[in-house]
Amino acid sequence: MRNRVIQQIDWLSILLYFALVFIGWLNIYSTTMTDENPTIFNFDQPYGRQLIFIGLSVLLIIFVLAIETKFYARFSSVIYLISLASLLGLFVFGKNINGATSWYNFGSFGLQPSEFAKAATALALAKFLSDIQTNINDFKDQLRAFLIIILPPLFIIPQPDPGSALVYTSFFFVLYREGLPSYYLLVGLTAVILFVSTLLFGAIWVIAGLLILATIFVLYRKRKKIRIPVFKMLVMTTTAILFCLSVRYVFENVFEQRHRDRFNLWLRLEHDPSKLNEIRKTIGYNTYQSESAIGSGGLTGKGFLEGTRTKGNFVPEQHTDYIFSTVGEEWGFLGSAGVIILFSLLILRILFLAERQRSQFSRIYGYSVASILLFHFAINIGMVIGLLPTIGIPLPFFSYGGSGLWGFTILLFIFIRLDANRRDDWM
Amino acid sequence: MRKLLLAAIIIIIAIVYIGRLSYLQLIDSSNKNPLEDTAIKAVYDYPERGYIYDRNGDLLVSNQPAYDIMVIPKDVKPLDTLEFCNLLNITKEDFIKKYNKARVYSPRLPSVFVPQLSKSEYATLQEKMRKYEGFYIQKRSLRHYQTSSGANVLGYISEVNEYELKSNPYYQAGELIGRNGVEKVYEETLRGRKGVKFIQKDRFNRDLGPYKDGLYDTLPVQGKDITITIDKTLQAYGEQLMINKRGGIVAIEPKTGEILAMISAPSYDPALLVGRERSKNYSRLYLDSIANPLYDRSILAEYPPGSPFKILNGLIGLEEGVIDEHTTIRCYHGYRYGRNRFMACHCVSGTLNELQSATYRSCNAYFADAYKKIIEKYPTPEEGLQAWTNHAKSFGLGNYLGNDLSTGRAGRVPDSLTYNRAYPDFQWRAETTISNGIGQGEILTTPIQLANMTAAIANRGYYYTPHIIKNIEGTPIDEKFTTPNQTTISKRHFDDVVLGMWDVYKRGTARFVQVDSINIAGKTGTAENFTKIDGKRQQLTDHSIFIAFAPVENPKIALAVFVENGYWGSRYAAPIASLMVEKYLRGKITRTDLEKRMLEGSLADEYAKPLSGEPFEINQ
Ligand SMILES: [Zn+2]
């Protein structure tokens, strides 16, 4: 059994994983190293602690790979429930760090249950969808699937940790892959587009655009003598218009100022220079500093441990959420593009592996892993390079933190374990 | 399709992100310059500016420390304002005004709060300032003048302006640069090179230590002391003699081309442009558009040379072979030319002049005739004038001398082009340009050009490019200052001219300024000049001009003196020149009456005439 796992294990994924973890650690070292403490085994410093986290990750990997595949499918519900309980337990036993109660405290180490909940949810969703009795086209089953996905973020949002909660939207790609009707995705996409364009151009113009599009659609159908779905269209258009009209209200009254600021900065909505300056100094400061640091790297970067802005701590939270700016400054365009390619390769590899699974459970789980990793990767780097609004989620395998690293390691290696067994297991 | 969606998204995201990175890192260059890196701060170490000595090793310019109280508004903690104001001897309103000004300029950057404390003020404040956070004392180095003369020669230093910041990458805002005079020309020598230390900063602007262990740091290079050719005493004496007069004097050592004195009147004390009152004083000098003290007349003012130019015409005539030392002209109290035009001179009617006597009598007839002969020697007046122009230019006239002064003017020696332009039908002849023969008309020279011409005559045919640098801490000076420039006139032609100039002093127009047992060769001059009043051309009292070199047998000083509206040459220019010669050669003045008359002589009334708005008489 053991030998077979080692024979059939996907070494490419493992190689990519260790490459990312290693590069990540180098950058954490560079970011948090001070000239007084150059030794890497300094466990008071983030880089030293991260070394311990990596060592423990290796133990976790061995542990995860040693467990029988069947265990994961069989106990997925239990794992999911334990995970939910750990999230709920935070409200009682959680430790407040930086205004968020996301942590359990064990001496000098903390654990962040939301980092593990992703894997648990992926297992539970895979288990549910792979059940022969589940039909994704059935509305009741759709609701059940949504429930599995929505419960953890419901507990995570009030911590508050909206970034981690947002990650769960990535599961919709999984549902879509497994046959969820396209209009869910379409509706979701349309809502996002309408929301952003209404903020940008104002409700009147967006509604005018919608009406023009509807008219063109009707005229086209008439000309081709195709039946016009009058009722459907009326419902859709009315809903869209109402949605547009509500955007402003929601934006002004439901969102908090700090959220509004992020949108204002991202969509360049604020034109009052003094307010703009204020936003730049507060919320936009991180983005500005990280863009500057990345930009100063040039083609080849300033070299390992030579990043002046990194050394000067110009980018806040650089060893956690903004770790990619260190890559940009010290390794330049070549390095940062290389990291993007490594991530893309790993996620594509996982997708490829997922598609070759015979077991539906393994495939769905693999798909979940890819979706979660992609979401983290895209949102985090998009934020650091100034393309997306500020949403605080870590860069997998890179960002400093034990829980994050372990959470992603377990997430990935459960799938590698499942994949190593694809020939034997018929589930 | 469903299988491919996620893969497509991954690839699109990767492409978009790499595109964004290539924009940030490869195209957008706003973050590339390491000097503009906010994480690195350059701290400069300024070397002391070099001292300036005169030709005898007397110190002219050194440095003095000045202490500014600086403020960084964001660091200021609440303080006992009353106590603080008493300490600095300012009022509370002052305090508020200064503080607000600094805060508007920048809350983060230092501004000068109280400039230029005296040494004693500094001593008492030094300890107490520590109490007041956000305030500190910064030491600066200012120029310290050991002389109150030679402002035009020395120049001054002040903060670099926008243009200099852009055109010269060496300078940072707020640094000092030499302006005018020696300070400008020898800026790099005097300045040295500032050293720089790069300090790694964090985002709170705290020092984290040297950047890359000081790999890019440089040590300052000391500024060098320089010795200039000016004689401090002679310069000061000349300026004293020119008080209440306007004009320029340049004295040159003919054997070397070294400028002994360069006087522009009115002058000012160079110390006015240092310290607390600097900008106030500067505006006052700058705005005085009538006396114009910042205008260096010794090298910028272009005057008609008048009679001294006749000497050059004599030399050209000899060289061209149209006259010799025995050529005679009978003068009937002047020179008649064209249709009934006449240049009067002081000769008794019927005087028979040869070159030497024509020189000391300043005979217009003789030199106009010689000029006419030069021009008419050639087939066309154009060619004749060209030959004449070439000779004149070989004396450094009509062009920049190539000296090491911060500024200068070319003057003007007319050539055929000048007249072709003025007479489009080319109908001009020797007579048209005859006033060139007596140094009037189109010719303009600066005092330094005329002094240089005099030096060339003293050397009998060559001159060294006039220069102000004597020594840069042992480094030899530019070769062009030690290589003689030959004129087009042969050495043998100078004897009669020099004898004529000596006669000017012995029995001619300058006979009243004789100094016991110093032989001076000279030539007085009087130049008509005009101004415009309400758009009308108005003649003013003539300029008083004198050129001289001495001693005749071994020339040690050659000089040209212009006194604006001083009337005839021997009225102001010749006495002043003779006093300067005496001062330079003897070190003391025997003719105290003459000295007193010159020191007290004032042309203020003369200068007030054209400004009075009323009709006035000239040449009284
Ligand atoms: Zn005459």
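Listed in order, the protein sequences are those of chains A and B.
For the first sequence, the UniProt record's numbering begins at 1 and goes up steadily by one.
For the second sequence, the UniProt record's numbering begins at 1 and goes up steadily by one.
For glycine and all other residues, C-beta sits at the position ideal for the given N, C-alpha and C.
Requested in this report: Determine the DSSP secondary structure at K294/B, reduced to helix, strand or coil.
Outcome: As a working note, residue 294/B is residue 294 in the second sequence. The question names Lys, but residue 294/B is Leu in the sequence shown. Coil at L294/B, not helix or strand.
Query raised in the report: Is the CB of R55/B under 8 Å away from at least one CB in chain A?
Result: Working through the second sequence from its first residue, we reach residue 55/B at position 55. R55/B does not count as touching chain A.
Query raised in the report: Among S130/A, S57/A, Y220/A, K118/A, which one has its Cα closest to the Cα of F171/A?
Result: By 1-based counting over the first sequence, the position of residue 171/A is 171. Checked all of S130/A, S57/A, Y220/A, K118/A; the closest Cα to F171/A is K118/A.
Query raised in the report: Looking only at its own chain, which residues have a Cβ that is under 7 Å from the Cβ of P466/B, when we skip the five neighbours before and after it?
Result: Stepping through the second sequence from its first residue, residue 466/B is reached at position 466. Closer than 7 Å at Cβ, skipping near neighbours: I252, G257, I259, L401, N403, I448, N452.
**Report entry** Cα-Cα separation between M427/A and L129/A, rounded to whole angstroms
**Finding:** Counting from one through the first sequence, the residue named residue 427/A turns up at place 427. Counting from one through the first sequence, the residue named residue 129/A turns up at place 129. Reliability of the predicted coordinates at M427/A is poor, the pLDDT of 45 falling under 50, and the value obtained from them is presented with this limitation in mind. Near 13 Å, if we compare the C-alpha coordinates of L129/A and M427/A.
Report task. Tell me, to the nearest whole angstrom, how far the beta carbon of I245/B is from that of G566/B; I am working on the premise that it is less than 8 Å. Result -> Indexing the second sequence from 1 puts residue 245/B at position 245. Indexing the second sequence from 1 puts residue 566/B at position 566. Note that residue 245/B is Lys in the sequence shown here, rather than Ile. The pair is a contact, with the Cβ atoms about 7 Å apart (cut-off 8 Å).
Report task. Anything in chain B within Cβ reach of R177/A, meaning under 9 Å, just list it in chain order. Result -> One-based indexing of the first sequence puts residue 177/A at position 177. R2, K3, L5, L6, listed in chain order.
Query raised in the report: What do you get for P424/B, buried or exposed, if any count of 16 or more other CB atoms within 10 angstroms of its CB means buried?
Result: As a working mapping, residue 424/B is identified with position 424 in the second sequence. Exposed, by the Cβ-count rule.
Requested in this report: Please decide whether M14/B counts as near chain A, where near means a Cβ-Cβ distance under 8 Å.
Outcome: As a position in the second sequence, residue 14/B is number 14, starting the count at 1. According to the sequence as given, residue 14/B is Ala; it is not Met. Answer yes: the Cβ-Cβ gap between A14/B and chain A drops below 8 Å somewhere.
Query raised in the report: Within 7 Å: the Cβ of R361/B and any heavy atom of ligand 1?
Result: Working through the second sequence from its first residue, we reach residue 361/B at position 361. True, at least one ligand heavy atom lies under 7 Å from that Cβ.
Report task. Mind reading off the beta-carbon distance from V563/B to S544/B? Whole number of angstroms is fine, and I expect it under 8 Å. Result -> In the second sequence, counting from the first residue as 1, residue 563/B sits at position 563. In the second sequence, counting from the first residue as 1, residue 544/B sits at position 544. Rounded, the Cβ-Cβ distance is 4 Å, consistent with contact.
Query raised in the report: Based on Cα-Cα distance, which residue from M33/A, L16/A, E355/A lies nearest to H319/A?
Result: Locating residue 319/A in the first sequence gives position 319, where the first residue counts as 1. Checked all of M33/A, L16/A, E355/A; the closest Cα to H319/A is M33/A.
**Report entry** Contacting residues, own chain, Cβ-Cβ under 6 Å from E606/B (five flanking each side not counted)
**Finding:** The count along the second sequence starts at 1 and reaches residue 606/B at position 606. Cβ neighbours of E606/B beyond the five flanking positions: T541, N565.
**Report entry** Contacting residues, own chain, Cβ-Cβ under 6 Å from P113/A (five flanking each side not counted)
**Finding:** Locating residue 113/A in the first sequence gives position 113, counting from the first residue. Excluding sequence neighbours, P113/A sits near S86, L87.
Query raised in the report: For N168/B, is the beta carbon positioned less than 7 Å from some heavy atom of ligand 1?
Result: For the purposes of this step, residue 168/B is identified with residue 168 of the second sequence, where counting begins at 1. No, Cβ of N168/B sits at least 7 Å from all heavy atoms of ligand 1.
**Report entry** Check: A365/B C-beta below 7 Å from any heavy atom of ligand 3
**Finding:** Ligand 3 is absent from the structure shown, which contains only ligand 1.
Query - chain B residues whose Cβ lies nearer than 7 Å to that of A337/A - result: As a working mapping, residue 337/A is identified with position 337 in the first sequence. Correct list: I18, L21.
**Report entry** Close-in-space but distant-in-sequence residues of the same chain around T198/A (CB under 6 Å, 5 per side omitted)
**Finding:** Indexing the first sequence from 1 puts residue 198/A at position 198. Same-chain partners within the cutoff: V206, C244, V247.
Query raised in the report: Got a sec: does ligand 1 put a non-hydrogen atom nearer than 7 Å to the Cβ of N353/B?
Result: Within the second sequence, residue 353/B is the residue found at index 353, counting from 1. Answer for N353/B: yes, Cβ within range of ligand 1.
Query raised in the report: Out of curiosity, what's the CA-to-CA distance linking A560/B and T328/B?
Result: Translated into positions along the second sequence, residue 560/B becomes position 560. Translated into positions along the second sequence, residue 328/B becomes position 328. Using only the alpha carbons, I get a separation of about 29 Å.
Query - CB contact below 8 Å: I156/A versus chain B - result: What you label residue 156/A is simply residue 156 of the first sequence in a count that begins at 1. Judged by the 8 Å Cβ criterion, I156/A is not in contact with chain B.
Query raised in the report: Who are the Cβ neighbours of residue 663/B in its own chain at under 6 Å, not counting the five residues just before and after it?
Result: Nothing can be reported for residue 663/B, as the shown portion of chain B is limited to 1 through 620.
Query raised in the report: Using the beta-carbon of each residue, which ones in chain B are nearer than 9 Å to A378/A?
Result: For this step, residue 378/A is matched to residue 378 along the first sequence. Result: I9, I10, I13, Y17.
Report task. Decide if A604/B is buried, meaning its Cβ has at least 16 other Cβ atoms within 10 Å, or exposed. Result -> Within the second sequence, residue 604/B is the residue found at index 604, counting from 1. Exposed, since its Cβ has fewer than 16 Cβ neighbours within 10 Å.
Query raised in the report: With burial defined as no fewer than 16 other Cβ atoms inside 10 Å of the residue's Cβ, what is the status of K491/B: buried or exposed?
Result: What you label residue 491/B is simply residue 491 of the second sequence in a count that begins at 1. Counting Cβ neighbours within 10 Å, K491/B comes out exposed, since fewer than 16 surround it.
Query - Sufficient close CB pairs (3 or more, under 8 Å) joining the region 505-524 of chain B to the region 366-383 of chain B - result: no
Query raised in the report: Any C-beta of chain B sitting closer than 8 Å to the C-beta of S344/A?
Result: What you label residue 344/A is simply residue 344 of the first sequence in a count that begins at 1. By this cut-off, S344/A is an interface position.
Report task. Quick one: list the residues of chain B neighbouring G328/A, beta-carbon separation under 8 Å, in chain order. Result -> The residue you call residue 328/A lines up with position 328 of the first sequence. Chain B residues near G328/A: L21, L24, Q25.
Query raised in the report: Rounded to the nearest angstrom, how far is the Cβ of Q620/B from that of E528/B, given a contact under 8 Å?
Result: Your numbering for residue 620/B matches position 620 in the second sequence. Your numbering for residue 528/B matches position 528 in the second sequence. At roughly 15 Å, the Cβ-Cβ gap does not stay under 8 Å, so Q620/B and E528/B are not in contact.
Report task. Residues of the region 299-315 of chain A with a CB closer than 7 Å to any CB of chain B: list them in chain order, please. Result -> L299, T308, R309, K311, G312, N313, F314
Query raised in the report: Between G332/A and chain B, is there a C-beta pair that is closer than 8 Å?
Result: Here residue 332/A refers to the residue found at position 332 of the first sequence. Chain B contact via Cβ: present.
Report task. Could you check the C-alpha separation between residue 432/A and W266/A for me, to the nearest Å? Result -> A query on residue 432/A cannot be resolved here, the shown segment of chain A reaching from 1 to 427 and no further.
Report task. State yes or no: is the C-beta of R297/B within less than 8 Å of the C-beta of G223/B? Result -> Locating residue 297/B in the second sequence gives position 297, counting from the first residue. Locating residue 223/B in the second sequence gives position 223, counting from the first residue. Against a cut-off of 8 Å, the Cβ pair of G223/B and R297/B comes out as no contact.
Requested in this report: Can you give me the start and stop residues for the alpha helix (DSSP H) that W428/B sits inside?
Outcome: Position 428 of the second sequence, counted from the start, is the residue given in the question as residue 428/B. Element bounds for W428/B: n/a, residue is neither H nor E.
Query raised in the report: Can a CB atom of chain A be found closer than 8 Å to the CB of Q116/B?
Result: Counting from one through the second sequence, the residue named residue 116/B turns up at place 116. False, the Cβ-Cβ gap to chain A never drops below 8 Å.
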